[in-house]
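Residue numbers (the numbering used here): 4 to 505.
Quick reminder that beta carbons are idealized off the backbone N, C-alpha and C, glycines included.
Values in this document were obtained by computation on a predicted structure and should not be read as measured data.
Here it is as structure tokens:
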């Protein structure tokens, strides 16, 4: 039905809807046959669109809502999710009445067809007017998704009507025209390593935004939603984060601090409120770090020389690591303040500014960069392993379970992101522990000045390899609640800010 309605070439603006409607009533036979290009853009093409519109308008009210599209397309053998149908309506609904009238429907199809033609040309590597399995595999490989030839052929078969195992423009257009995906990188966008979760160690590769999101200003709403989610998540898991810092600095063979004992000690020393020491500066640094990282990432992407909307894996690792290093360098004094505030005793400082003033007066500017080297060194293994594990899990899921859709669903995305982020933290944890101890030096009376290498040797000599993983238990305990809380808050903030789900 869809292919019989559509013209076999690109349509030019048709005549008015009323004329088309009356013509369709008087000449129903003209609707059934493809025009073959002979009357492209003429009244016959308009008739075909009107016929499709009437077929989809199941309640005959002159407008297509999400329910109309769901029922109408199902009758035509096309199954779309509610989210996909809502995206179609939002894209074409110019008067914002929640449905598409005939003119909006025609405009949506014409605009969508232009975008589909651009994507078709980008996939047609051989420039022969057809897409084969090898071209699909190459295009997805460029975007970091590896699929087998059998999977590529399965994708082809879903669109191939004449059994040639290649897709021409008409087959491509007929399959995708009433589907919101207009861009092959949208398959990757399902799998974007996004800022929807925050585990308190914000070293992940920055989020990427589509051209449309940049042009419409949606990118800053995503950043604000991600920042707000991170703030709530970090505040909820702050007691575990402070316990981790205390165990990293004070725990040893002679002072074996357990989780229950650590919480008891904190409450006894400063009351329940003391569990949140250091959280204020930890939340405050989200905004500058996210903003600097995003701006640096966009600039580095240009320097890398990629004109693609979605970077390849190695480009993403390089750009993300450099952006993370620039952001961390810019806000590193806040990291030192966070550690000192978390370790402070009751009454030691009146607040963050008092803490900063005392450090500056007693230790000088260099104190604000203690532990800087292990912190920078930790970015590479964190980002590298995080991305590598994520890509491995993503490709494993696609190979095994991606049958009809590349959309893995929320649970799979969160699980893959949580596992990869946890693996990244585990790999870089010894460097994080050494960084924290170096940041905390002056908070321990009489502590000698130490370098990174000497601190590593001292820990290995006195505590063994296990000493490099002090505080790991509370660090991992906060991962699942942090991810869950930040995801829920992020989704609600997106709705509040009017951000469409990608």
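Given a threshold of 16 other Cβ atoms within 10 Å of its Cβ, counted over all protein chains shown, does residue i qualify as buried or as exposed?
| i | result |
| --- | --- |
| residue 257 | exposed |
| residue 114 | exposed |
| residue 249 | buried |
| residue 501 | exposed |
| residue 63 | exposed |
| residue 100 | exposed |
| residue 221 | buried |
| residue 135 | buried |
| residue 60 | buried |
| residue 404 | exposed |
| residue 436 | buried |
| residue 440 | buried |
| residue 317 | exposed |
| residue 338 | buried |
| residue 131 | exposed |
| residue 168 | exposed |
| residue 225 | buried |
| residue 155 | buried |
| residue 153 | exposed |
| residue 438 | buried |
| residue 358 | buried |
| residue 428 | buried |
| residue 392 | buried |
| residue 351 | exposed |
| residue 353 | exposed |
| residue 259 | exposed |
Identify the residues that DSSP records as bridge partners of residue i: which are they?
| i | result |
| --- | --- |
| residue 133 | 171 |
Taking the alpha helix (DSSP H) that residue i belongs to, which residues open and close that run?
| i | result |
| --- | --- |
| residue 250 | 241 to 253 |
| residue 423 | 413 to 442 |
| residue 457 | 455 to 466 |
| residue 71 | 69 to 78 |
| residue 102 | Counting along the chain, residue 102 falls outside any alpha helix (DSSP H), and DSSP gives it neither H nor E. |
| residue 87 | 85 to 95 |
| residue 1 | With the chain represented from 4 up to 505, any question about residue 1 goes unanswered, as that position is not in the structure. |
| residue 154 | 152 to 162 |
| residue 363 | 355 to 366 |
| residue 269 | 262 to 273 |
| residue 283 | 282 to 287 |
Report the rounded CA-to-CA distance for residue i versus residue j, giving the unit in angstroms.
| i | j | result |
| --- | --- | --- |
| residue 395 | residue 482 | 20 Å |
| residue 234 | residue 493 | 10 Å |
| residue 270 | residue 348 | 12 Å |
| residue 66 | residue 341 | 56 Å |
| residue 3 | residue 126 | With the chain covering only 4 through 505, there is no way to say anything about residue 3. |
| residue 336 | residue 456 | 22 Å |
| residue 487 | residue 50 | 51 Å |
| residue 94 | residue 119 | 14 Å |
| residue 498 | residue 273 | 39 Å |
| residue 279 | residue 362 | 21 Å |
| residue 268 | residue 245 | 12 Å |
| residue 89 | residue 473 | 49 Å |
| residue 162 | residue 68 | 26 Å |
| residue 122 | residue 87 | 19 Å |
| residue 17 | residue 164 | Because the pLDDT at residue 17 is just 37, under 50, the model does not fix this residue reliably, and the point stays unresolved. |
| residue 191 | residue 276 | Unreliable placement is indicated for residue 191, whose pLDDT of 49 sits below 50; the coordinate value is still reported in the next sentence. Answer to the nearest angstrom: the Cα atoms are 43 Å apart. |
| residue 426 | residue 371 | 29 Å |
| residue 458 | residue 377 | 11 Å |
| residue 433 | residue 253 | 15 Å |
| residue 76 | residue 160 | 20 Å |
| residue 343 | residue 112 | 59 Å |
| residue 452 | residue 373 | 10 Å |
| residue 307 | residue 325 | 11 Å |
| residue 281 | residue 242 | 10 Å |
| residue 57 | residue 137 | 39 Å |
| residue 385 | residue 365 | 33 Å |
| residue 176 | residue 471 | 57 Å |
Original post:
Using 8 Å as the threshold, is the region 321 to 331 in touch with the region 283 to 300, meaning 3 or more CB pairs across them?
Top reply: yes
**OP:** Evaluate the contact criterion for the region 237 to 254 versus the region 273 to 290: three or more CB pairs, one atom per stretch, below 8 Å.
**Re:** yes
Original post:
Are the region 411 to 428 and the region 459 to 472 touching, with three or more C-beta to C-beta distances below 8 Å?
Top reply: The answer is no - the region 459 to 472 does not touch the region 411 to 428, with fewer than three Cβ pairs under 8 Å.
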